[in-house]
Amino acid sequence: MTDFADIWTYLAQGPLLWLAATLAAYAIGDAAYRASGKSPLVNAVPVAVVLLALMLWITGTSYATYFEGAQFVHFLLGPATVGLALPLWEARHHVRRAILPILAALFAGSLTAMVSTLAIAHAFGVTGEVFASLAAKSTTAPVAIGIAEAVGGSPTLTAVLVILTGVTGAIVATSLLNLLGLTDWRARGFAVGVAAHGLGTARAMQVHPVAGAFAGLGMGLNAVLTALLAPVILNLFR
Amino acid sequence: MIPAILALLVCQLAGEAAARALGLTLPGPVLGMLLLMSGFALIPGLLALVRPVAQTLLANLSLLFIPAGVGIVGHLDKLGGQLIPILAAIVLSTILAIAVGALTFAAVARLTGTAE
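Chains A and B are the protein sequences, given in the same order.
Using our numbering, you'd call the opening residue of the first sequence number 26 and step up by one each time.
Using our numbering, you'd call the opening residue of the second sequence number 779 and step up by one each time.
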């Protein structure tokens, strides 16, 4: 009989183990979210990330080894971004009616996200790579990484900051928007998509279909606007 | 299912190729999304073809962020010393951006008579 250490050594080399672990961690995170009565405070992503980080730490596995398995999941971000065409297309009549509020909220939300992050980080004396990586934190991961590379940030650090932003948005959005007394699903979804990209959009889709479509629209439009504005705004702080 | 996956991948591929060829700062998948939307307008039947696969992907969108999120393990040292400022910047600015964006949307919708 082969002993456990040999089996582990074999499995830990290939992509199978870490792909399965990623799906299992997500399933556990999602079960925790359902068990909490779909509370926004229990988001599947941070639960899964903490579980996987602990597993890597305990087993002494490097991120590079982990990513060989997880890359299959990561790859799907691209096709999923393309797939956002579906909710956008289905919301096109809403969009045509609300073109002015959409443009106003896009500029207001996008500029607030970039300027306030950089102003707060600047006040705390954050500089260099971390500072540049913060600029695009409200846009969807593949876009933010591209922007970070263009402005002197770190791609992997950017991915982490983007996810922290998305999780924050998904957690605070519902109670914050209720507190502000906003009942328009378009306004609620759009603002969350602009400020908290795909994770905010995922949350909005769980809450209401119109909010989900507008969140997808906000995310898509902000990807374009941030790509154009981030280098300019970073220069204002340099 | 396969034609739907192919449609998504072809749009992404065309988006990536166009972004490189034209030297755009726009990421390929975002161009691919715009391309797929024009596809919905021009090609009858494409919407019904793509819908099931796109819906499955979007229903599990949060899963797709996990591999990048685990990347935090490689940055704990860099983040360690600046954790408080970074978290403050992210949390405060996300709250501000959601509030400002949603209030602006609602205010302009009221002004232009397009409120729900």
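Backbone N, C-alpha and C fix where the C-beta goes; we use that ideal spot for every residue, glycine too.
Fair warning: this is a prediction, and the values are worked out from it, not measured in the lab.
- Separation of the CB atoms of Leu787 (chain B) and Pro126 (chain A) is rounded to 34 Å, and the pair is thereby denied contact status at 8 Å.
- The three-state secondary structure of Phe92 (chain A), taken from DSSP, is helix.
- For Leu865 (chain B), the enclosing alpha helix (DSSP H) covers residues Leu861 to Leu889.
- Within the region 801-847 of chain B, the complete alpha helix (DSSP H) runs of at least 4 residues fall at 806-820 and 824-837.
- At least 8 Å separates the CB of Leu784 (chain B) from every CB of chain A.
- Distances from the CA of Leu250 (chain A) to each of B:Leu804, B:Ala893 and B:Gly859 were compared; the closest alpha carbon is that of B:Leu804.
- Annotation: Cβ neighbours of Ala893 (chain B) in chain A (cutoff 8 Å, chain order): Asp209.
- Taking one beta carbon from each stretch, the region 167-180 of chain A and the region 813-830 of chain B have fewer than 3 pairs nearer than 8 Å; the two do not touch.
- Nearest in C-alpha terms to Ala175 (chain A), of all of A:Asn260, A:Tyr88 and A:Ala73, is A:Asn260.
- Between Arg798 (chain B) and chain A, the shortest Cβ-Cβ separation is not below 8 Å.
- Contacts with chain A at 8 Å (Cβ-Cβ) include Ala884 (chain B).
- For the pair Leu839 (chain B) and Thr226 (chain A), the CB atoms are nearer than the 8 Å cut-off.
- With contact defined as three or more Cβ pairs closer than 8 Å, the region 876-893 of chain B and the region 119-135 of chain A are in contact.
- The beta-carbon of Met779 (chain B) is placed no less than 8 Å from the nearest beta-carbon of chain A.
- Residues of chain B whose Cβ lies closer than 7 Å to the Cβ of Gly245 (chain A) are, in chain order, Val808 and Met811.
- Using a CB distance below 8 Å, the part of the region 866-877 of chain B facing chain A consists of Ala866, Ala867, Ile868, Val869, Leu870, Ser871, Thr872, Ile873, Leu874, Ala875, Ile876 and Ala877, ordered along the chain.
- For Gly806 (chain B), the CB contacts under 7 Å within the same chain, skipping 5 residues up- and downstream, are Gln790, Gly793, Glu794 and Ala797 in chain order.
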